[in-house]
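Student: The structure follows.
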Amino acid sequence: MALSASIAKESRGYLLIPTKRIRRYPGQPRLYIEPLALMGLEASIRHIGQRRAITVKAVTGDPDHDYELIDGERRWLCCKRIGTAKMKAVVEEPENDDEQFISSVILNIPSQEHTPLEIAHAIERIRKSEKLKRMPRTEQMKYIGAMFGHDEIWAYRYLRLLELDHRVHVLMDGKRSEDERLNVSIAYFLLGYSPEIQVKSALRAVTMGWSLRQVEVYAAGLAAESGEIRSGVRPKRPSDNYRNLLSFLRRLHEGAELVLSMPNRSFEEMFLARDPKDREKTIGEVRACRADLAEIEQVLERLKQNA
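Throughout, my numbering is defined as the position within the sequence shown, counted from one, plus 233.
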């Protein structure tokens, strides 16, 4: 059976379980694993071994497996590839599938192993669990936020991503390369627009590498042409715009100070193992920022002259 001496041996607070006797959790909230991250973890385990125990539950009725994963799918996959005979594991006894799902999510989200959409779907799944489904929505969000060490605004923010058109979700898929994946900040901005404006703007952002500001201008233009008013957003007051401008300039200044405080060798080292195109791309970004700042300065100078 699962806990027999022939299957698992206790050592230093964890069990040593034959890797082949562990199966994947079919309700796993993660939909995609980054191949490069998996390769890095595999190289680490190959070199120094499995340092962190996985978390499993015992299962019955499966002739091929005695345990099911709760946390540690990436470590398990790497150990299978390498041919590791036994894995360090901690055995838990979740009350039901809801509890197993929640444990899996909570153990992984702090380590940033989930995409924004995976987090959104996980929050929706937890919201519908037996324990929470009868709670008022506000209480649900407070509970879920607290589960992950955040507030209800954090939970609401992720959950709202599910309101985006399914074609936008496709562009956010973790299987897409980083350059071809829609930035989550842009996705949040598109909430409140019609599906057509969402999709057109998201496609432009991905295919043309647009910034959030470029998407804002483009989406606003589409909305103006069609007479659409972005829902759920009050018009910005002059005081809002002033605070946004000051906040942007302060963040830029603080970020520049941080970068410029690095030793010269840090600039050399950061590009040593990168494609030469990355250096050219970075120079292009710097020039674009400089041009944007020059344009802002010109606008402010004109205002000063006209005052």
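For every residue, glycine included, the Cβ atom is placed at its ideal position computed from N, Cα and C.
As an exercise, report each continuous alpha helix (DSSP H) stretch of at least 4 residues that is fully enclosed by the stretch 391-417, in chain order.
Tutor: Complete alpha helix (DSSP H) runs here, min 4: 399-404.
Student: Measure the beta-carbon distance from residue 357 to residue 392 and round it to whole angstroms, keeping in mind my assumption that it falls under 8 Å.
Tutor: Yes, residue 357 and residue 392 are in contact; Cβ-Cβ is about 6 Å, under 8 Å.
Student: Rounding to the nearest angstrom, what Cα-Cα distance links residue 424 and residue 390 in this structure?
Tutor: If you take the alpha carbons of residue 424 and residue 390, they lie about 10 Å apart.
Student: Is residue 253 helix, strand or coil by DSSP?
Tutor: If DSSP states are grouped into helix, strand and coil, residue 253 belongs with the helices.
Student: Using only alpha-carbon positions, find the residue among 284, 416, 334 that is nearest to residue 302.
Tutor: Closest by alpha carbon: 334.
Student: Helix, strand or coil for residue 320 per DSSP?
Tutor: Strand at residue 320.
Student: Contact between the stretch 310-320 and the stretch 276-296: three or more CB pairs below 8 Å?
Tutor: These segments touch.
Student: Thinking C-alpha only, which one of 250, 482, 495 is nearest residue 529?
Tutor: For residue 529, the nearest C-alpha among the options comes from 482.
Student: Whether or not the stretch 428-446 and the stretch 398-410 are in contact is what I'm after, with contact meaning three or more pairs of Cβ atoms, one per stretch, closer than 8 Å; do they touch?
Tutor: Contact between the stretch 398-410 and the stretch 428-446 is present, because at least three Cβ pairs lie under 8 Å.
Student: Ignore the nearest five residues each way along the sequence and tell me which others in residue 319's own chain have a CB closer than 7 Å to its CB.
Tutor: Correct list, in chain order: 249, 250, 251, 252.
Student: Please classify residue 378: is it buried, with 16 or more other beta-carbons within 10 angstroms of its beta-carbon, or exposed?
Tutor: Result: buried.
Student: Please classify residue 280 as buried or exposed, where buried requires at least 16 neighbouring CB atoms within 10 angstroms.
Tutor: Result: exposed.
Student: Check for me: the alpha helix (DSSP H) holding residue 430 runs from which residue to which?
Tutor: Counting along the chain, the alpha helix (DSSP H) containing residue 430 begins and ends at 428-441.
Student: Residues bridged to residue 288 by DSSP?
Tutor: DSSP, once it has assigned bridges, lists 304, 323 as partnering residue 288.
Student: Where does residue 519 land, buried or exposed, given buried means 16+ other C-beta within 10 angstroms?
Tutor: It is exposed - the Cβ of residue 519 has fewer than 16 other Cβ atoms within 10 Å.
Student: Beta-carbon separation of residue 463 and residue 456 under 8 Å?
Tutor: In contact: residue 463 and residue 456 (Cβ atoms closer than 8 Å).
Student: Taking the C-alpha atoms as reference points, what is the distance between residue 304 and residue 411?
Tutor: One C-alpha to the other measures close to 25 Å.
Student: Might you give, ordered along the chain, the residues of its own chain that have their beta carbon closer than 8 Å to the beta carbon of residue 376, omitting 5 neighbours on each side?
Tutor: Closer than 8 Å at Cβ, skipping near neighbours: 365, 368.
Student: To the nearest angstrom, how far is the alpha carbon of residue 512 from that of residue 522?
Tutor: When rounded, the distance between both Cα atoms is 15 Å.
Student: Mapping the DSSP letters down to three states, classify residue 382 as helix, strand or coil.
Tutor: Of the three classes helix, strand and coil, the one that applies to residue 382 here is coil, per DSSP.
Student: Would you mind reading off the limits of the alpha helix (DSSP H) that contains residue 482?
Tutor: 471-493 is the extent of the alpha helix (DSSP H) around residue 482.
Student: Less than 8 Å between the CB atoms is what I'm expecting for residue 349 and residue 395, so what's the real figure, rounded?
Tutor: Actually they do not touch by this definition, with Cβ atoms about 11 Å apart.
Student: Flag this pair as yes or no: are the beta carbons of residue 321 and residue 286 separated by less than 8 Å?
Tutor: It is a contact, given that the beta carbons lie within the stated cut-off.
Student: What whole-angstrom Cβ distance do residue 262 and residue 324 have, given they're in contact under 8 Å?
Tutor: Wrong, their Cβ atoms sit about 21 Å apart, outside the cutoff.
Student: Kindly indicate which residue of 496, 290, 416 has the alpha-carbon position closest to the one of residue 256.
Tutor: Taking only the C-alpha atoms, the option nearest residue 256 is 290.
Student: By the 10 Å Cβ neighbour count, where 16 or more other Cβ atoms means buried, how is residue 486 classified, buried or exposed?
Tutor: Exposed is the call here.
Student: Please report the straight-line C-alpha distance between residue 507 and residue 498, rounded to a whole angstrom.
Tutor: Each residue's alpha carbon lies about 15 Å from the other.
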